[in-house]
Structures are given as C-alpha cells and as structure tokens.
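Residue numbers (UniProt numbering): 1 to 410.
All residues carry an ideal CB built from backbone N, CA and C; glycine is no exception.
Remember, it's a predicted structure, so these values are computed and weren't measured experimentally.
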C-alpha cells in the first residue's frame, strides 16, 4: 500500500517532468528598473501577487552588456569573456553555452528583441531583432506583435523561448541625463529629488507597458503554458554618488540590487517573496531546472545555481541561516569598468566587489582602495567601515579572490 501511495503522489504531483518540458519561457526585461521604486505603482504590487518574487537579486554588472550576457550564460563576465564595455559585438568565449542554445537544442523555438544587437549574443536564437533604428518605438505594440508572431510560428507544435527587452528607462536617462550633464556636473548632483521625480516618470511608463503586455496579453493567452519571468538587468542611480550619473561606474546597491518575478503557479507559489541573497546568474540554471534540461558537461560549468530549492523553504528556515557563520556562505560578485567616471576602464573591469546579505566589500583597483559597508545599518552605503571590521574584510577578501581565481581558471 505504501508503494501505491508513493506512486500516486508522484503521478498526481502538480510539477510533472513531462509537463515541465512543454512550458514556454517568456522573459520580460525592464532595463534599469530600481527595486526600491517599484511598489509606488499598483501594477507592480499586482504583479508580485502573480508569482514568486526574489527581492535580493544581485546583478553581475551595473550595465546591460555584461549583465545580460551573464544572465544568458549563468556565468560572471570575467568567466564568459564579456566583462567590459569594449566587448560589444562579441559572443561568449568558446565553451560557454547560452540559454538560447540549450533551448534550441532541446526543441524550443527561440525569439528575442534586444535593446541593441551589440549587447546580446545571438548564439542559439532562431531570430533576434532590436528596435535601435526606430527613433520612437512603441514597445507595447511591437512586443505584442512579436508575441503573436511567435505563437503563430510554433502553432502549438513546439514550445518557445521569448526574450523581450524594454529599454525606454535607459533611453530616457540617456536623453535627459547623459546628453545634458557630465559625471561631475554640480547642477545634476545637487538636485536628487528632481532626478528621482524624473526617474519615477520613466518607471511609470514601464509600469504601463507591463500592464499592457502581461495583464492584457500574456495572462490571457499564454499563462497556463508558460513560465513568465519579469526582471531587470541593473538598477539606476539618480546622483547618489558624484562620478556616476546613473550606472556603470561604481558598484553600489542602487545599481546592483535587482529583482526577478517568476510566474507559473505549478512551480512558483503565488504571492511569495524570497528575501534570501540570490544572483542574476542563477536565473538560467533555474530555467533549465524547471524544464528538466540537462547541462552539457563538455561546456564550461555555470556559476549560477537553481533557485528552486528556495521556494519551499519556510520563513523560519530562512531566518535560521542568518547567523554569523552562514553569513559568508552565499556570496554575490559584481564588477565594472566605467566608460567615464573617476576611473574609466572600458577595456577591463577595475572595480570588483563581493557581498553577503549584510556586508559588501569593494576593491577599486585603479586607486587600489577598499570599501566595506554594513548594508543592514547603512543601506545607502554612506559610511566606509573597512578599518573597523578586519575579520570581515579578511573573510570577504578571501571570497573575492576565490571567485576571481574561478573566473580566470576557465
């Protein structure tokens, strides 16, 4: 009787492998969305109730090129070979298999619409487009058309992977910040309230886009058969730190702390928030895990890990892992090299950092300085306490060097 009960539980489970392999995967990427500004808009509160929300996801880099290629390889830029602004138009290095390649090889139709074709590798995509030559694209209209085109293309005969990149926050920042101010313009940094109001207007447009794309289209057409992921590549500054108008030059949390919402009720509980520290490089292995797609052992190993094990943990289980010893078990790594700013380095990253839930250690290679922040007490990273906690610094330096060694060893 016990064997019959076990078999019955297996075959009556909501998450059957045979079902999971049939899911479409739809990735809606909202470029430059700040997590700390989302929930002033009702659409984000409503969306959060649709799925499982990861509220402490750390990007691998505070700009699109490296961030997106890390998401699509499950590796940091220093490992996949795309780790600097001047690595545009390049594919990840030999041995890196992209998410689109995995899915194409396993029967998915793969379609993408990127911000720019120079920012995302086309490896594995059946069709990859961008709207960069359109001076004023209507992304709601264009992406609805791409969705319908994709549905008609597969005609229910095969699953599909659809990547839709919404870049209007970035475009607005370029027009109203980058084109008007330099990295040290006093008139910009002295009025952060104005900058934040302007940013919120750009985010409101993104909220309207998601309302149209998700609630008026995806939730009606594809929600039962799809895993839908809504996330950002990086955050956006509004003049918090002189030398960085918006993003790309530093590694502070206003650009590094991001989010991801996974929607598919058979896998991801509705209305659940997970505040454990996770990384954007964890998204790809999570998708492959959901779809039961095996990783290619002949390729470079992904550094990300599936997030599925976190969704069944209780709040008490999460709290039990916050003691000092376990604090340093889960580490997120980020790096950048700005085009401008105080220490430009567009050919290779020259700022590297590691963080836990509580601590962040930053190494500014060019002036060879270190910063340590207690993120619980100082979330805005205003007080550098690097001289006050030598044991924490030592532990995090070891973690940083370990990740650097892992990336450079291939």
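What's the call for residue i, buried or exposed, on a 16-neighbour Cβ count within 10 Å?
i           : result
residue 89  : exposed
residue 174 : exposed
residue 220 : exposed
residue 352 : buried
residue 79  : buried
residue 282 : buried
residue 237 : buried
residue 48  : buried
residue 369 : exposed
residue 22  : exposed
residue 286 : buried
residue 320 : Its pLDDT being 48, under 50, residue 320 is placed unreliably in this model, and the value from its coordinates should be taken loosely. With fewer than 16 other Cβ atoms within 10 Å, it is exposed.
residue 124 : buried
residue 24  : buried
residue 253 : buried
residue 232 : buried
residue 72  : buried
residue 45  : exposed
residue 296 : exposed
residue 170 : buried
residue 113 : buried
residue 81  : buried
residue 239 : buried
Assuming residue i and residue j are in contact, meaning their beta carbons sit under 8 Å apart, how far apart are those beta carbons, in whole angstroms?
i           : j           : result
residue 349 : residue 67  : With 8 Å as the limit, residue 349 and residue 67 do not qualify as a contact, their Cβ atoms being about 13 Å apart.
residue 303 : residue 74  : 6 Å
residue 396 : residue 359 : 6 Å
residue 111 : residue 94  : Actually they are not in contact, since the Cβ atoms of residue 111 and residue 94 sit about 25 Å apart, beyond 8 Å.
residue 37  : residue 203 : 6 Å
residue 92  : residue 336 : Contact flag wrong, Cβ pair sits at about 18 Å.
residue 293 : residue 102 : 6 Å
residue 334 : residue 256 : 5 Å
residue 229 : residue 260 : 6 Å
Could you compute how far the alpha carbon of residue i sits from the alpha carbon of residue j?
i           : j           : result
residue 400 : residue 119 : 26 Å
residue 172 : residue 306 : 34 Å
residue 129 : residue 99  : 17 Å
residue 392 : residue 347 : 31 Å
residue 59  : residue 186 : 29 Å
residue 159 : residue 385 : 51 Å
residue 363 : residue 339 : 18 Å
residue 97  : residue 407 : 16 Å
residue 356 : residue 342 : 26 Å
residue 267 : residue 225 : 12 Å
residue 235 : residue 133 : 25 Å
residue 144 : residue 398 : 47 Å
residue 152 : residue 105 : 21 Å
residue 354 : residue 42  : 33 Å
residue 161 : residue 262 : 15 Å
residue 344 : residue 312 : 43 Å
residue 77  : residue 70  : 6 Å
residue 164 : residue 380 : 31 Å
residue 258 : residue 250 : 15 Å
residue 403 : residue 157 : 42 Å
residue 387 : residue 209 : 46 Å
residue 227 : residue 26  : 6 Å
residue 280 : residue 155 : 31 Å
residue 121 : residue 29  : 16 Å
residue 31  : residue 284 : 18 Å
residue 248 : residue 65  : 10 Å
residue 116 : residue 178 : 18 Å
residue 50  : residue 201 : 24 Å
residue 365 : residue 330 : 24 Å
residue 332 : residue 142 : 35 Å
residue 409 : residue 109 : 33 Å
residue 389 : residue 405 : 24 Å
Please decide whether residue i counts as near chain D, where near means a Cβ-Cβ distance under 7 Å.
i           : result
residue 395 : This model lacks chain D altogether; it includes just one protein chain.
- Is the region 212 to 230 touching the region 167 to 187, taking contact as three or more C-beta pairs under 8 Å? With contact defined as three or more Cβ pairs closer than 8 Å, the region 212 to 230 and the region 167 to 187 are not in contact.
- Query: Three or more beta-carbon pairs under 8 Å between the region 135 to 153 and the region 187 to 198, yes or no?
  - Reply: The answer is no - the region 187 to 198 does not touch the region 135 to 153, with fewer than three Cβ pairs under 8 Å.
- Query: If we count Cβ pairs, one from each stretch, closer than 8 Å, do we get three or more for the region 48 to 56 versus the region 266 to 280?
  - Reply: yes
- Task: At 4 residues or longer, and completely inside the region 220 to 259: list those alpha helix (DSSP H) runs for me, N to C.
- Result: If one requires a minimum length of 4 residues, the alpha helix (DSSP H) runs lying completely within the region 220 to 259 are 253 to 256, in chain order.
- Query: So does the region 196 to 206 actually touch the region 141 to 148, counting three or more Cβ pairs closer than 8 Å?
  - Reply: no
- Which runs of the beta strand (DSSP E) spanning at least 3 residues fall entirely within the region 93 to 117, listed in chain order? 109 to 114
- Item | Completely contained alpha helix (DSSP H) runs for the region 270 to 349, where each covers 4 or more residues | Taking only runs of at least 4 residues, the alpha helix (DSSP H) segments lying wholly in the region 270 to 349 are 283 to 291 and 315 to 319.
- Query: Are there three or more Cβ pairs, one per stretch, closer than 8 Å when the region 369 to 376 is compared with the region 237 to 246?
  - Reply: Of all C-beta pairs linking the region 369 to 376 to the region 237 to 246, fewer than three are shorter than 8 Å, placing the two stretches out of contact.
- Every unbroken beta strand (DSSP E) inside the region 143 to 229 [3 residues or more]: With a minimum length of 3 residues, the continuous beta strand (DSSP E) runs that stay inside the region 143 to 229 are 160 to 166.
- Item | Complete alpha helix (DSSP H) runs within the region 35 to 79 (minimum length 4 residues, chain order) | Counting only runs of 4 or more, we get 42 to 48 and 64 to 71.
- Let me know the beta strand (DSSP E) ranges lying completely inside the region 341 to 397, each 3 residues or longer, listed in chain order. 351 to 355, 359 to 364 and 369 to 374
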